[in-house]
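Undergrad: I am attaching a structure below and will ask some questions about it afterwards.
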Amino acid sequence: QVRLVESGGGLVQAGGSLSLACAVSGSTFAFTSSTIGWYRQALGKQREMVATITSHSMTNYADSVKGRFTISRDNTKNTAFLQMNSLKPEDTAVYYCNHFSSNSWGQGTQVTVSS
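My numbering puts the first residue of the sequence shown at 1, with every later residue one more than the last.
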């Protein structure tokens, strides 16, 4: 069984930065061999993809976060990261990480950007 735990959310002013982490437990192989994705869901809206990173560290970003967010992974720590810079109020949402191979989700972490 794969378990994901997000951390690092909080309240920040517009223009600020936050760094999220997604710790994945289960087998090391389960982490290293799978694409990991960050998604977000704002109040009253559908969940949307923010960024993904493959097992070979190829990345993909939503247009709305390109140039501001950076996804990365540390296979020695079974952890994925999302560095968020130049945050905007419209980035306010609950952020979730996803383990593609098992379709497992974390519980989410709240990010609030004040104007």
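For glycine and all other residues, C-beta sits at the position ideal for the given N, C-alpha and C.
1) Cα separation between I53 and F100?
2) Excluding the 5 residues flanking M49 on each side, which residues of the same chain have their C-beta closer than 7 Å to its C-beta?
3) Do you know whose CA, among V5, S17 and E6, lies nearest T112's CA?
4) The beta strand (DSSP E) with E48 in it runs from where to where?
5) Should Q41 and A93 be called a contact, given that it needs their Cβ atoms to be closer than 7 Å?
6) Excluding five sequence neighbours on each side, which residues of the same chain lie with their C-beta closer than 8 Å to the C-beta of S34?
7) Buried or exposed for G44, please, with buried defined as at least 16 other CB atoms from any protein chain shown within 10 angstroms of its CB.
8) Over what stretch of residues does the beta strand (DSSP E) that includes D74 continue unbroken?
9) If you reduce the DSSP assignment to three classes, tell me which class A62 lands in.
10) Would you be able to state if there are at least three C-beta pairs under 8 Å between the region 2–16 and the region 66–79?
11) I need the boundaries of the beta strand (DSSP E) containing V111, first residue and last residue.
TA: On the basis of the coordinates in this document:
1) One C-alpha to the other measures close to 10 Å.
2) Close CB contacts of M49 within its chain, under the 7 Å cut and outside five residues either way in sequence, are with G37, Y39 and A62 (chain order).
3) The shortest C-alpha separation from T112 is found at S17.
4) Run containing E48: E48 to I53, per the beta strand (DSSP E) assignment.
5) Between Q41 and A93, the C-beta gap is smaller than 7 Å, which places the two residues in contact.
6) Non-local C-beta neighbours of S34 in its own chain, meaning closer than 8 Å and more than five positions away in sequence, comprise S55, H99, F100, S101 and S102, ordered along the chain.
7) Flag for G44 reads exposed.
8) Looking at the DSSP string, the run of the beta strand (DSSP E) that includes D74 is F69 to D74.
9) It is coil, neither helix nor strand.
10) Touching, no.
11) Residues T109 to S114.
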